[in-house]
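Chemist: One structure coming up, written as structure tokens, with questions to follow.
Number of protein chains: 2
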Amino acid sequence: MDPLRFMLDQSQIPTHWYNVVADMPHPPAPTLGPDNKPVPLEKMAAIFPMALLEQEISSERWIPIPEPVREIYRLWRPTPLIRAKRLEDMLGTPARIYYKNEGVSSAGSHKPNTAVAQAYYNREAGICRLTTETGAGQWGSSIAFAGQMFGIEVRIFMVKVSYLQKPFRRSMMRTWGAEVIASPSTLTQTGRDFLAKDPENPGSLGIAISEAVEEAASRADTNYALGSVLNHVALHQTVIGLEAKKQFELAGDWPDVVFAPCGGGSSFAGAAFPFFADNAAGGHKGKQVRLVAVEPASCPTLTKGTYAYDYGDASGFTPIMKMYTLGHDFMPPGIHAGGLRYHGDSPLVSQLYHEGLIEAIAVPQLATFEAGVMFARAEGIIPAPESNHAIRAAIDEALLCKASGEAKTIFVNLTGHGHFDMAAYDRYFDGELEDHVYAEDAIRTSLQHLPKVG
Amino acid sequence: MDPLRFMLDQSQIPTHWYNVVADMPHPPAPTLGPDNKPVPLEKMAAIFPMALLEQEISSERWIPIPEPVREIYRLWRPTPLIRAKRLEDMLGTPARIYYKNEGVSSAGSHKPNTAVAQAYYNREAGICRLTTETGAGQWGSSIAFAGQMFGIEVRIFMVKVSYLQKPFRRSMMRTWGAEVIASPSTLTQTGRDFLAKDPENPGSLGIAISEAVEEAASRADTNYALGSVLNHVALHQTVIGLEAKKQFELAGDWPDVVFAPCGGGSSFAGAAFPFFADNAAGGHKGKQVRLVAVEPASCPTLTKGTYAYDYGDASGFTPIMKMYTLGHDFMPPGIHAGGLRYHGDSPLVSQLYHEGLIEAIAVPQLATFEAGVMFARAEGIIPAPESNHAIRAAIDEALLCKASGEAKTIFVNLTGHGHFDMAAYDRYFDGELEDHVYAEDAIRTSLQHLPKVG
Chain A
514 MDPLRFMLDQ
524 SQIPTHWYNV
534 VADMPHPPAP
544 TLGPDNKPVP
554 LEKMAAIFPM
564 ALLEQEISSE
574 RWIPIPEPVR
584 EIYRLWRPTP
594 LIRAKRLEDM
604 LGTPARIYYK
614 NEGVSSAGSH
624 KPNTAVAQAY
634 YNREAGICRL
644 TTETGAGQWG
654 SSIAFAGQMF
664 GIEVRIFMVK
674 VSYLQKPFRR
684 SMMRTWGAEV
694 IASPSTLTQT
704 GRDFLAKDPE
714 NPGSLGIAIS
724 EAVEEAASRA
734 DTNYALGSVL
744 NHVALHQTVI
754 GLEAKKQFEL
764 AGDWPDVVFA
774 PCGGGSSFAG
784 AAFPFFADNA
794 AGGHKGKQVR
804 LVAVEPASCP
814 TLTKGTYAYD
824 YGDASGFTPI
834 MKMYTLGHDF
844 MPPGIHAGGL
854 RYHGDSPLVS
864 QLYHEGLIEA
874 IAVPQLATFE
884 AGVMFARAEG
894 IIPAPESNHA
904 IRAAIDEALL
914 CKASGEAKTI
924 FVNLTGHGHF
934 DMAAYDRYFD
944 GELEDHVYAE
954 DAIRTSLQHL
964 PKVG
Chain B
514 MDPLRFMLDQ
524 SQIPTHWYNV
534 VADMPHPPAP
544 TLGPDNKPVP
554 LEKMAAIFPM
564 ALLEQEISSE
574 RWIPIPEPVR
584 EIYRLWRPTP
594 LIRAKRLEDM
604 LGTPARIYYK
614 NEGVSSAGSH
624 KPNTAVAQAY
634 YNREAGICRL
644 TTETGAGQWG
654 SSIAFAGQMF
664 GIEVRIFMVK
674 VSYLQKPFRR
684 SMMRTWGAEV
694 IASPSTLTQT
704 GRDFLAKDPE
714 NPGSLGIAIS
724 EAVEEAASRA
734 DTNYALGSVL
744 NHVALHQTVI
754 GLEAKKQFEL
764 AGDWPDVVFA
774 PCGGGSSFAG
784 AAFPFFADNA
794 AGGHKGKQVR
804 LVAVEPASCP
814 TLTKGTYAYD
824 YGDASGFTPI
834 MKMYTLGHDF
844 MPPGIHAGGL
854 RYHGDSPLVS
864 QLYHEGLIEA
874 IAVPQLATFE
884 AGVMFARAEG
894 IIPAPESNHA
904 IRAAIDEALL
914 CKASGEAKTI
924 FVNLTGHGHF
934 DMAAYDRYFD
944 GELEDHVYAE
954 DAIRTSLQHL
964 PKVG
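Going down the list, the sequences are from chains A and B.
If you use the numbering used here, the first sequence closes out at 967, no skipped numbers anywhere.
If you use the numbering used here, the second sequence closes out at 967, no skipped numbers anywhere.
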């Protein structure tokens, strides 16, 4: 029997994160304040610890992972790289499909990779309380877990539609000692304003971010933690790709193409950036690896958005960042991949996409669930709806290989399990899920509200 | 950093199951039919494939694991053995606590170890349909998964109280293509009889077994699969302990005591029997390992039951087996460890207990959830309520070590994760869970209904 699972020893947990900025052809566009000038670090220090802000602007290629962070990583890392042999057989493809199972983490997704680092740096800075937002609940449960690891209190604003769809994600956060609030809430001015306009507002990641930032900015003992988008978050996720590269060496194989779901961009960054390092250096043994961000057709930030300065949140509370955006007040449909319902995208991912160094595709909801069920029936793992986006893309690529006879190697970032998403699977089986039409008009309207720059 | 996780290569998945019968001081008491004579295999062949029946009565020490079964095991096995260092630190104990994480399996528990084997042998026998029962849903989702792996249709009678408490376990079974029926149901005579007596009957494992057996016995294309109790089930689970022994060698350590939850007995058998082999041979390096079955105080089969012949199901449909029992019509309270709500116990476990070769303790529900939350906060994994029983016992042992200063090595069978049990955790946090009083009167009554033998 060929080996199907490629494991690393705990001593092989990366000692450094990889910073893609060192290998980008151009420096990242700066984050700007209301005055259209780069935001000074000191200003951001109201809600972030200095160590994370330094990572945010660093151009060092390698940034050391503190030992206490690696110590917590050891609870689940290194994660396995698994060859999806049964899925290949089911598809009848000559392609080889591998997935990195980030669902084995404590909170069931890749999110703890950065949550643990953020909790650590905040504790080191003497902060004893964090606020954050969560969509599908993957980030919320991750920061709840990470806070528990370092003795930090956590308050989580959870997008209301997910709060209602996923009560057990709340229970999970509670098990790790965090407090969970449905957003929009009455606890912040932002929340009250949105509720005044529409008491039935289902919430969005953008609104929840506004609420969490507003509270963190108003309390000295409290900082804010973001689960995606920012450079330091993308940085922390690179443990995924760094481990995967060692594991592909073990497997005696190497990806032709990497697929990762893309909402705020950090799971894509985590899987893809370490392979980008090789691309930038001329390729792995001279071969360029295709790096493909997979987003929902209903929230098609990279594929249908504009590359422009925009706010990170819905109400214009944050500084503005240059990124692909659908407009900060774009309200995505209530699809079940809550983690991908974000109007913007990581500025690093956006810049690489803008420069043609990575690719992006958008896939419709029903096709992603079909792919997830196929994967579950072949591999025994029920994936998170977010992960189903990457799996869909991988299956499509494998089917192209079947048609062409090419034996490509496909790498999928399986970002999480779907144990808290079974209601969505039920709706899929019951024929109640739909493909949302690409909201061209809504996006055109929201793009008219971009902030003016320069 | 000391290693915390002890992994085996996939080539080290056991090639044989260990059959404890070979090392028991006395042969197992035979299973008897209505005539009080040992049931001929041919009769059992109405609902089980011959290969499993041969395992049921075998006294061979080692039974080969078919390659197609090992092939499926590879989707998640070998499972990790993990040192619970953070839990040790939280308790301040000199004890070393290790757990075998069976929750990494496809269905999230140890149950697929036998489900896969059973589905395989049934397919080899030309069977294309299986019925079974499930309590907490761990077994049901495992057989759904296993059926999917071998192209077998599966119908699952799910104890109604769990069916209602755990809708997402149903969704999981559905994802793997199985059909799930709340038991008692109107599909069988047994179900109709129970509903006639009490339309609100919350169900029990015993009733659900009766329903599944009744249906399997009445259809030629359909066999029955049992998730615990029987000898062949205990046999298949020994991959747990066999792997653990290799992993303890890697760790340079060896358990002084093994704790496993005990409902029908198979997870205990799986973890403990391979260590019993050493005990029977004079001990590991001369040392006997304590083997402790941990059961719920509300369903205390080993600690408060009687060692006698009884039916495996609630309505007297099955042959009778010599085992510890609370009486086949004992209705355990609706505790959240649904997998431990069984009136009887594995005949092999029962006989070893009766002969004083293993130990048993009973723990109350609230204490098990307290232990589970401590474990989640220390180790990042939210355990199944069943597993919390073993964790409770391990914590108590570790606290005894703290008092005595002994540095014992404790091995816990972490049989599953609690992702589908968050409603139970919520009830615990909300103060709504209770400790059921030991139902002395109810047990005394049900014990009066034991079948007459010989």
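All C-beta atoms, glycine included, are put in the ideal place defined by N, C-alpha and C.
From a predicted model like this one, the values you see are computed outputs, not experimental measurements.
(1) For Tyr938 of chain A, would you say it is in contact with chain B, using Cβ-to-Cβ distances shorter than 8 Å as the test?
(2) Output the residue ranges of the alpha helix (DSSP H) runs that lie fully inside the segment 878-950 of chain B and measure 4 residues or longer, sorted by chain position.
(3) Opposite Ser696 of chain A in the DSSP bridges: which residues?
(4) Got a sec: does the ligand ZN put a non-hydrogen atom nearer than 7 Å to the Cβ of Ala729 of chain A?
(5) When DSSP builds the beta bridges, which residues end up paired with Asn614 of chain A?
(6) Select from B:His949, B:Gly918, B:Ala884 the residue whose C-alpha is nearest the C-alpha of Pro813 of chain B.
(7) So, do the segment 556-568 of chain B and the segment 863-880 of chain B have three or more beta carbon pairs nearer to each other than 8 Å?
(8) Given His749 of chain B, which residues of its chain have a CB within under 7 Å of its CB, disregarding the five upstream and five downstream residues?
(9) Pick out whichever of A:Tyr938, A:Ser698, A:Asp826 has its Cα sitting closest to the Cα of Thr685 of chain B.
(10) Which term fits His539 of chain A, buried or exposed, when burial requires 16 or more other beta carbons within 10 angstroms of its beta carbon?
(11) Determine the DSSP secondary structure at Arg609 of chain B, reduced to helix, strand or coil.
(12) Can you give me the C-alpha to C-alpha distance between Val1003 of chain B and Met671 of chain A, rounded to a whole angstrom?
(13) Taking 8 Å as the threshold (beta carbon to beta carbon), is His932 of chain B in contact with chain A?
(14) Which two residues bound the contiguous beta strand (DSSP E) that contains Thr592 of chain A?
(15) Indicate whether the contact test is met: 3 or more Cβ pairs, each with one atom in the segment 751-771 of chain A and one in the segment 830-843 of chain A, closer than 8 Å.
(16) If we define contact as Cβ-Cβ less than 8 Å, is Met671 of chain B a contact residue for chain A?
(17) Since I believe Glu601 of chain B is in contact with Ala927 of chain B (beta carbons under 8 Å), could you give me their beta-carbon distance rounded to a whole number of angstroms?
(18) Between the C-alpha atoms of Asp954 of chain A and Leu839 of chain A, what's the straight-line distance to the nearest angstrom?
(19) Our contact map puts Ile656 of chain A next to Ala738 of chain A with C-beta atoms below 8 Å; I'd like the distance itself, whole angstroms only.
(20) For the segment 863-897 of chain B, list every residue whose C-beta sits within 7 Å of some C-beta in chain A, in sequence order.
(21) By DSSP, does His745 of chain B sit in helix, in strand, or in coil?
(22) Determine whether the beta carbon atoms of Phe942 of chain A and Arg687 of chain B lie at a separation below 8 Å.
(23) Is the Cβ of Val552 of chain B closer than 8 Å to any Cβ of chain A?
(24) Give the straight-line distance between the Cα atoms of Gln801 of chain A and Gly795 of chain A, rounded to the nearest whole angstrom.
(25) By DSSP's criteria, Glu808 of chain A is part of a beta bridge. Which residues make up the other side?
(26) Which of helix, strand or coil does DSSP assign to His494 of chain B?
(27) Could you check whether Arg599 of chain B and Glu919 of chain B sit closer than 8 Å to each other, using their CB atoms as the reference points?
(28) Gly851 of chain A CB to nearest chain B CB: under 8 Å?
(29) Let me see if you follow: with CB-CB separation under 8 Å, is Arg854 of chain B close to chain A or not?
(30) Rounded to the nearest angstrom, what separates Gly716 of chain B and Phe843 of chain A at their Cα positions?
(31) Rounded to the nearest angstrom, what separates Ala810 of chain A and Gln702 of chain B at their Cα positions?
(32) Below 8 Å CB to CB, which residues in the same chain sit around Asn792 of chain B once its five sequence neighbours on both sides are set aside?
(33) At the level of alpha carbons, what is the spacing between Ala884 of chain A and Lys915 of chain B?
(34) Using only CA atoms, which one of B:Glu728, B:Ile578, B:Ala620, B:Ala632 lies nearest to Ala897 of chain B?
(35) Kindly list, in the order they appear in chain A, the residues whose Cβ is closer than 7 Å to that of Leu517 of chain B.
(36) Let me know if Gln864 of chain A comes out buried or exposed under the rule of 16 or more other beta-carbons within 10 Å of its beta-carbon.
Modeler: Result, derived from the coordinates:
(1) yes
(2) 878-892, 898-917, 935-942
(3) A:Val672
(4) In terms of ligand content, the structure shown is empty, and the ligand ZN therefore cannot be addressed.
(5) A:Leu927
(6) The shortest Cα separation from Pro813 of chain B among B:His949, B:Gly918, B:Ala884 belongs to B:His949.
(7) Fewer than three beta-carbon pairs drawn from the segment 556-568 of chain B and the segment 863-880 of chain B are found closer than 8 Å, and the two stretches are therefore not classed as touching.
(8) Trp530, Asn626, Thr627, Ala630
(9) Note on identity: in this sequence residue 685 of chain B is Met, with Thr being the wrong assignment. That would be A:Tyr938, whose Cα lies nearest to the Cα of Met685 of chain B.
(10) exposed
(11) strand
(12) Any question about residue 1003 of chain B goes unanswered here, given that chain B covers just 514 to 967.
(13) Yes, His932 of chain B lies at the interface with chain A (some Cβ there is under 8 Å from its Cβ).
(14) Note, Thr592 of chain A: premise wrong, no beta strand (DSSP E); not H, not E.
(15) no
(16) no
(17) According to the sequence displayed, residue 927 of chain B carries Leu and not Ala. Not a contact, Cβ separation roughly 15 Å.
(18) 11 Å
(19) 6 Å
(20) Val886, Ala889, Arg890, Glu892, Gly893, Ile894, Ile895
(21) helix
(22) Going by beta carbons, Phe942 of chain A and Arg687 of chain B fall inside the 8 Å limit.
(23) no
(24) 7 Å
(25) According to DSSP, which records beta bridges pairwise, Glu808 of chain A is partnered with A:Ala875.
(26) Outside the shown range of chain B, which is 514 to 967, sits residue 494 of chain B, and nothing can be said about it.
(27) no
(28) no
(29) no
(30) 49 Å
(31) When rounded, the distance between both Cα atoms is 51 Å.
(32) Gln801, Val802, Leu804, Leu870
(33) 51 Å
(34) The option with the nearest alpha carbon to Ala897 of chain B is B:Ala620.
(35) Gln523, Arg587
(36) buried
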